[in-house]
Each structure stands twice: as structure tokens, then as C-alpha cells.
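Peer 1:
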Amino acid sequence: QPTPIPAPHPIPTDAPVVLPTVKSLVYVSPECEQDNQCNECEGDCDQNGDCAGDLICFQRSGFTTVPGCSGSGIENKDYCILPNQGDSQPTPIPAPHPIPTDAPVVLPTVKSLVYVSPECEQDNQCNECEGDCDQNGDCAGDLICFQRSGFTTVPGCSGSGIENKDYCILPNQGDSQPTPIPA
9 QPTPIPAPHP IPTDAPVVLP TVKSLVYVSP ECEQDNQCNE CEGDCDQNGD CAGDLICFQR
69 SGFTTVPGCS GSGIENKDYC ILPNQGDSQP TPIPAPHPIP TDAPVVLPTV KSLVYVSPEC
129 EQDNQCNECE GDCDQNGDCA GDLICFQRSG FTTVPGCSGS GIENKDYCIL PNQGDSQPTP
189 IPA
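Using our numbering, the letters of the sequence shown map in sequence onto residues 9 to 191.
1. Within this structure, are the beta carbons of E41 and D58 separated by less than 7 angstroms?
2. How is S96 classed by DSSP in three states: helix, strand or coil?
3. Span of the beta strand (DSSP E) holding C88?
4. Within its chain, find whatever has a CB closer than 8 angstroms to the CB of D164; leave out the 5 residues flanking it on each side and keep chain order.
5. Compare the Cα-Cα distances from E129 to each of C153, P112 and D110 and report the closest residue.
6. Where does N132 fall in DSSP's three states?
7. Have a look at D131 and V124 and give me their C-alpha separation to the nearest angstrom.
8. Restricting to Cα atoms, I'd like to know which of D62, N56, P91 and V122 is closest to L33.
9. Which value, in whole angstroms, describes the spacing of the CA atoms of S168 and K85?
10. Would you grab the beta carbon distance between S80 and F71 for me? Rounded to a whole angstrom, and I think it's under 8 angstroms.
11. Below 6 angstroms CB to CB, which residues in the same chain sit around E50 once its five sequence neighbours on both sides are set aside?
12. Here's the rule I'm using: 16 or more other beta-carbon atoms within 10 Å means buried, otherwise exposed. How should T99 be labelled?
13. To the nearest angstrom, how far is the alpha carbon of D62 from that of C134?
Have a look at this one:
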């Protein structure tokens, strides 16, 4: 039996909404194979059997966006994704509108890590967030070669890049981590 008094509607809170995290594209070496299957957002795969579990191999050309993954990856490389990720894009959750300012505000963009081939050298210098470099002279202009081990975060760049590969960064980027801008 329905109650004679209507139930109250839930009241929205000011608490932030937690959005799902998106994995960065990772190029693995050796490449994905049936006996070396890749996980979500890892590549280069050639067929679904190169991907672990129910993941499928997303075939792309150039730097086509890989559904469900962040970063640009390596040109013409294919990556493992969840089934049906390629069918539709997730519906964005509306965010509260920020209070407008009098003057336009330019937010800094963070570049994704990119592995270039052939690798960075003095006669093939890399730009910001590109690698693999071995010394500062492998980087264009005033950029420096950030030496890392494993998947150490590369200051000023997004994504995880390729394990143990070094990337060109702006000088003094390695001194501190940028403060994330709240969404």
C-alpha cells in the first residue's frame, strides 16, 4: 500500500563526483602475442588473441584515439581495449559551471609521452615529452633529457610511456611536480 505522504526527493550534495580513471596507452616490448598477452590499453597487438581475457585488439591508423584509454601512443600501433569500448563514447557527467572571470583564463596543457622512432639523437632531436633520449643534446632547444627507471613519472608530461625509456622535458620540470587543476 502506498503511503499518504510523499517520500522526500534526495537533495544533491556539493561533494565531488568521483569519475572513473582512464588508463594511459602503454607500448610493451616485446609486442603482444598469444604467449605474451597484453592488458587493457597496452599494445602493439595484431589480433584479439594477443589481448588478455575478453579484451579485443583495437586496430587504428596514425594516432586515432583509442577508446577507453588516454594518450596518443605510438603512431599506427594497435592497443587492447574492453569489448564495446569502440562502439560508443561514455556519456560525460555534467560538472558544475565555474564562476566566470572578467578576463579569459588559459589553462596549461600537458603533453602525452610519445616514443619516436628512430630514437632521439643529435641529428634527430626530440621535442618536449618525446623520447627515447640518452643525453641533453638529443633534445631540441633548451630541453633536457629526463633519465628514469621503470615507469617513473616524467615531470610536465602525461602517460606512462615505455618502461625505462627517457624523455625530453623543459628545464627545472624535474624540480617539482605540477599541482593538478581541480575539475
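The beta carbon of each residue, even a glycine, is placed where N, CA and C say it ideally should be.
Peer 2: Concretely, from the data shown:
1. yes
2. Per-residue confidence for S96 stands at a pLDDT of 45, beneath the threshold of 50, marking its modelled position as unreliable; no derived number is given.
3. Per DSSP, C88 belongs to the beta strand (DSSP E) from Y87 to I89.
4. The sequence shown places Gly at residue 164, not Asp. V118, K119, E136, C137, I177, L178, Q181 and P186.
5. C153
6. If DSSP states are grouped into helix, strand and coil, N132 belongs with the strands.
7. 14 angstroms
8. V122
9. 16 angstroms
10. Right, the Cβ-Cβ distance comes to about 5 angstroms (below 8 angstroms), so this counts as a contact.
11. Listed in chain order, the non-local C-beta contacts of E50 below 6 angstroms within the same chain comprise V34, V36 and C88, local neighbours out to five positions each way being set aside.
12. Summary for T99: the model assigns pLDDT 44, below 50, so the residue's position carries little reliability, and this model does not support an answer.
13. 37 angstroms
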